[in-house]
Ligand SMILES: CCCCCCCCCCCCCCCCCC(=O)SCCNC(=O)CCNC(=O)[C@H](O)C(C)(C)COP(=O)(O)OP(=O)(O)OC[C@H]1O[C@@H](n2cnc3c(N)ncnc32)[C@H](O)[C@@H]1OP(=O)(O)O
Ligand SMILES: Cc1cc2nc3c(=O)[nH]c(=O)nc-3n(C[C@H](O)[C@H](O)[C@H](O)COP(=O)(O)OP(=O)(O)OC[C@H]3O[C@@H](n4cnc5c(N)ncnc54)[C@H](O)[C@@H]3O)c2cc1C
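Right, dumping it as structure tokens:
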């Protein structure tokens, strides 16, 4: 049999109906053909490493075995990745080669125990250490001579960083800091790798010098002996236990008992402490939070990738799965022929494209602001912070919901761990909470929006992402075009913000303290932030798509246009209540849009498998019995089931121990 004969015939037909060149879309998503070639070469090299894949799926291992197996694979994986990346590549080229690659997902269903080293430990050194410190720590961290993590959250406080209780008290006599955890609630709790993997750590602690508080500062702390890996004296470490996901990430707890570290272990790029204990504060005390801003930006791209993975699995499965009858006697259709199924899935594809473009745009902003900060200019930091907060929050909200929808759209088989959809959901929903919980981040954006509102009233100019607040007060005539929809989403954001500001004023007038008035209005404030986030996302998706697709072929531009249009109409119909409140949309406009939406689902239908193929995830990266390229769904489900250790013997010992005596009335 040829390779083609082994592919499910429905999928073969679906690939035949695709109206654009799948490879061209892959190049577009990667950046260009060379970036795709580099990514594929990297994947070939790394994934051919011996021993990288599990013989027994990790789902069947115990908690302890899972971790030990993950460390074994992490070591192999990291070495393979280091060897595969061309040493002559610039950091920029390395980043573009790995940007869309979900290589770790091929190896770890629940992520690597080294994730925090790469995602936060190294970025924290880069962003918080002075030049001398970087020179010492970066080479050690990059070569993985040391493994680190980022310990900020405590048992008692995650969101409220100013409330962190871990203390670092400077002792000028010995030129050391004394790290201490004064209460149970001050124990660090959550950091990935912290339990048994990392031997170093960035610790965020409350600095005291000369008897005064100097705010929360970062310290690089050795946790374990580099030879024996035993925790150093005065350091208590452990693992926090089993979780919904992330079970191989080795999240841990950490307590200090008057543990001493040298003065140069405070990361001193932004704030400094002199030998005599004199404290020099940072130009802007929020620079200490810079690592979080960076990770929030990265998360938006992570969401685009994880959503694309879930959509690939669910769309391929929906092309293969047949169920029920549409027309009597016509045989069972592919479930993707049900328009309700298309409604569940195509928005996931469109959202992934939207998030990917938004992530690149946000990343550009981040690097621009970081460059400005190096020159001492902090002007654009508040806008970056406000934008990163709401985009991280809304993309994690949508990704979590859409991955769950992809899972549910696969019926019973989506509930199987061998589908990998539950684990992908576990990764996405974690991002809703970590690096700033959804509501908390929304309220940060609301703070900026309310300030912008006041500035607009005072006739002052606003930052670009909020400038629409000054222009969009009147209700204009509704237009069903994409520009009309963007305009209307901005009007909704203005309307909701106006309502929230009016609410704050109302409660203040009644004599409430400003903080109480804010709290009473906070449901409206979060709604205003979400509306602002959606307006920014819609307009950025459109402008970035237009900017980046001019050289693409006409068929591909047309299909990408369908996705943008579908995304805009989908959200219009989802938010119809808001639009009825704040714009002049009518019932007949809504009926028309419903027709447009159904038409768009039909236009995407022949391209759906092509669109997910273009994400170009190899089977190892999908790691799913339902989503493989060949569509051999039932064979793979059975193969995976047969790997269950319970299938190793026809009669389980529990029969003799419990069932038989129970059924015979002896137990
Ligand atoms: C592996 C998964 C695979 C799936 C794919 C995903 C891919 C991603 C890859 C990464 C993997 C990562 C793995 C997991 C990592 C998790 C790590 C963590 O959670 S680590 C732990 C993460 N923990 C968190 O994220 C904790 C969340 N909490 C916080 O961030 C803060 O404490 C706070 C912002 C909520 C409040 O802070 P507070 O001090 O009370 O501030 P106030 O409210 O009083 O506002 C004062 C003023 O400051 C301003 N401002 C504030 N922040 C910033 C900023 N960054 N900058 C600039 N400005 C800022 C603010 O606007 C305001 O301005 P104004 O109005 O006065 O002018
Ligand atoms: C998988 C995972 C990995 C993590 N990894 C790390 C790590 O590596 N390092 C690290 O330091 N931390 C890590 N964390 C911790 C994470 O950053 C925190 O859990 C997160 O910041 C939320 O803080 P919290 O848990 O204190 O939630 P809380 O703040 O207690 O939130 C509980 C509820 O209170 C609400 N709330 C809190 N404050 C406000 C407010 N001001 N206004 C309105 N509502 C409010 C929230 O909206 C939420 O509904 C991780 C967490 C997870 C889940």
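Numbering (our numbering), first residue to last: 43 to 709.
Think of the CB as a built atom: it goes at the ideal place given N, C-alpha and C, for glycine as much as any other residue.
| Does the distance from the C-beta atom of residue 621 to that of residue 530 stay below 8 Å? | yes
| query | Looking at C-alpha atoms only, which residue of 242, 423 and 484 is the closest neighbour of residue 411? | reply | 423
| If we call anything under 8 Å between Cβ atoms a contact, is residue 261 one with residue 210? | The criterion of a C-beta distance shorter than 8 Å is satisfied by residue 261 and residue 210.
| DSSP-derived helix/strand/coil call for residue 205 | helix
| field | Validate contact between the stretch 167-176 and the stretch 220-235 using beta carbons, cut 8 Å, 3 pairs | value | no
| request: Using alpha carbons as the reference points, say which of 325, 669 and 487 lies closest to residue 660. | output: 669
| field | Closest residue to residue 162 among 476, 381 and 313 (Cα-Cα distance) | value | 476
| message | Give me the DSSP bridge partner(s) of residue 254. | response | 251
| field | Reduced DSSP secondary structure (H/G/I, E/B, other) of residue 123 | value | helix
| request: Taking residue 214 and residue 318 to be in contact with their CB atoms under 8 Å, please state how far apart those CB atoms are, rounded to whole angstroms. | output: 5 Å
| request: Measure from the alpha carbon of residue 718 to the alpha carbon of each residue in 567, 206 and 556, then state which is nearest. | output: What the structure shows of the chain is the stretch from 43 to 709, and residue 718 is not part of that stretch, so it cannot be assessed.
| Roughly how many angstroms separate the alpha carbons of residue 635 and residue 386, rounded to a whole number? | 17 Å
| query | So what's residue 259 in DSSP terms, helix, strand or just coil? | reply | strand
| field | residue 213 (DSSP reduced to helix, strand or coil) | value | strand
| When burial is assigned at 16 or more other CB atoms within 10 Å of the CB, is residue 312 buried or exposed? | buried
| According to DSSP, what are the bridge partners of residue 243? | Per DSSP, 191 and 263.
| task | Take the Cβ of residue 363 as the centre, count every other Cβ of all protein chains shown within 10 Å, and call the residue buried at 16 or more, exposed below. | result | buried
| query | Does the stretch 450-469 come within contact of the stretch 141-160, defined as at least 3 CB pairs closer than 8 Å? | reply | yes
| Residue range of the beta strand (DSSP E) that includes residue 367 | From DSSP, residue 367 is part of no beta strand (DSSP E); its letter is neither H nor E.
| query | Which of the three DSSP states, helix, strand or coil, is assigned to residue 219? | reply | strand
| said: Would the stretch 72-85 count as touching the stretch 697-708 if we require 3 or more Cβ pairs under 8 Å? | reply: The answer is no - the stretch 697-708 does not touch the stretch 72-85, with fewer than three Cβ pairs under 8 Å.
| Taking one C-beta from the stretch 59-68 and one from the stretch 585-602 each time, how about it: are there three or more such pairs within less than 8 Å? | yes
| Same chain, Cβ closer than 6 Å to residue 709, neighbours up to 5 away in sequence not counted | 703
| query | Do you know offhand how far residue 436's Cα is from residue 342's? | reply | 9 Å
| task | Whole angstroms is fine: what's the gap from residue 646's alpha carbon to residue 609's? | result | 12 Å
| Residues bridged to residue 301 (per DSSP) | 221
| request: Using a threshold of 8 Å, state whether the C-beta atoms of residue 189 and residue 238 are closer than that. | output: no
| request: Grab me the residues of residue 418's own chain with a C-beta within less than 8 Å of its C-beta, minus the 5 sequence neighbours each way, in chain order. | output: Sequence-distant partners of residue 418 (beyond 5 residues in either direction) whose C-beta falls short of 8 Å from its own C-beta, in its chain, are 325.
| field | residue 521 to residue 632 span [Cα, whole Å] | value | Roughly 11 Å separates the two Cα atoms.
| field | DSSP state of residue 617 mapped onto helix, strand, coil | value | Residue state, collapsed to three classes: coil.
| residue 233 classed as buried or exposed, judged by whether at least 16 other C-beta atoms fall within 10 angstroms | buried
| At what residue ranges does the stretch 496-563 contain a whole run of the alpha helix (DSSP H), taking only runs of 4 or more? | 510-513, 524-551 and 556-562
| task | Could you work out which residue in 682, 140 and 653 is closest to residue 667 when comparing CA atoms only? | result | 682
| task | Note down, in chain order, each residue of its chain lying with its Cβ closer than 8 Å to the Cβ of residue 288, except the 5 sequence neighbours on either side. | result | 152, 153, 234, 468, 469 and 472
| When the distance is taken between beta carbons, is residue 353 closer than 8 Å to residue 256? | no
| said: Give me, in chain order, the residues of the same chain whose beta-carbon lies closer than 7 Å to that of residue 452; leave out the 5 immediate sequence neighbours on both sides. | reply: Spatial neighbours of residue 452 in its own chain (CB-CB distance under 7 Å, excluding positions within 5 residues in sequence) are listed in chain order as 356, 359, 461, 463 and 668.
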